Amino acid sequence: MGEEREVKLLLVNYEVAREALLETGFKYIDTCFEEDYYYSHPCIDFSVTDEALRARRRKCSNAEYYTITYKGPRVVKDLGLKTRVELEVELTNVQWNVIRSIIEKLGFTSVARVSKTRDLYITECVDAYLDELHGVGFYLELELKCDRGEEHIKRVIERLGGGAQVIHETYLEICLKTRKCA
């Protein structure tokens, strides 16, 4: 079973965050456009159970990727590190469209579409996603890939200083609250 461990930061300045990533050893990989479609369950209120079902289309410079992801309830730990079960499968475009149709035929309904431009950065133990959430603002997600990465996350947060604020909301929650994402 997969587990997602990440810290999300609301940014004051995109450029300062980009410089902080490069100065702390991250390597830029690509810029991608992502569209996320979130679904509600016909019998369970995911906002109460803190779960999510997402279909994602990611278009990068040389390829497109399609995924379906289940996310379980969040547990927030030190550093603002959010941990949750994450089950994800990568699909072809045709499979992705078929699975979305099956989900809808089973009674799930689309509740929101979230679009963002995402710059991808990596180190050995941390993936960084510098995001422009369209219509809302700039965010940084730091996703832990191994335990040694916690120190690296601390360095990035320290480097950003007052230019970033740890938040615990998901992009879906931000979009539903602001009513600005699409």
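Counting from 192, one number per residue, gives the positions in the sequence shown under my numbering. C-beta atoms are modelled at their ideal positions from N, C-alpha and C, and glycine is treated no differently. Because the structure is a prediction, the values reported are computed rather than measured.
Between Cys316 and the set Gly263, Glu277, Glu334 and Glu206, the nearest pair of CA atoms involves Glu334. Just measuring C-alpha positions, the residue of Asp221, Arg245 and Ile235 sitting nearest Leu278 is Arg245.
At a Cβ-Cβ threshold of 8 Å, Lys199 and Tyr312 do not count as neighbours. Remark: C-beta atoms of Leu324 and Ile365 approach each other more closely than 8 Å.
Per DSSP, the beta bridge partners of Ile259 are Ala246 and Val280. Less than 8 Å separates the beta-carbon of Phe217 from that of Thr314. Lys371 is positioned such that its CB atom lies no closer than 8 Å to that of Val305. The C-alpha of Ile259 lies about 17 Å from the C-alpha of Lys307.
About 15 Å separates the Cβ atoms of Gly263 and His359, ruling out a contact at the 8 Å cut-off.
Rounded to the nearest angstrom, the gap between the Cα atoms of Cys223 and Cys251 is 4 Å. Residue burial is scored here from C-beta neighbours: Arg196 has at least 16 other C-beta atoms within 10 angstroms and is therefore classed as buried.
When DSSP reads this structure, Arg196 sits in a beta bridge with Thr274. As computed with DSSP, Thr300 is found in a beta bridge with Ser231.
By DSSP's assignment, Lys218 forms a beta bridge with Ile313.
Within its own chain, the residues whose Cβ lies closer than 7 Å to the Cβ of Leu363, once the five positions on either side in sequence are excluded, are Tyr229, Ala243, Ala303 and Val305, listed in chain order.
Between Thr274 and Glu194, the CB-CB gap stays under 8 Å. Between Asp227 and the set Cys234, Ala355, Lys336 and Arg247, the nearest pair of CA atoms involves Arg247.
In the three-state reduction of the DSSP assignment, Ala211 falls in the helix class. Following the DSSP letters along the chain, one finds Gly328 inside the beta strand (DSSP E) bounded by residues Gly328 to Leu335.
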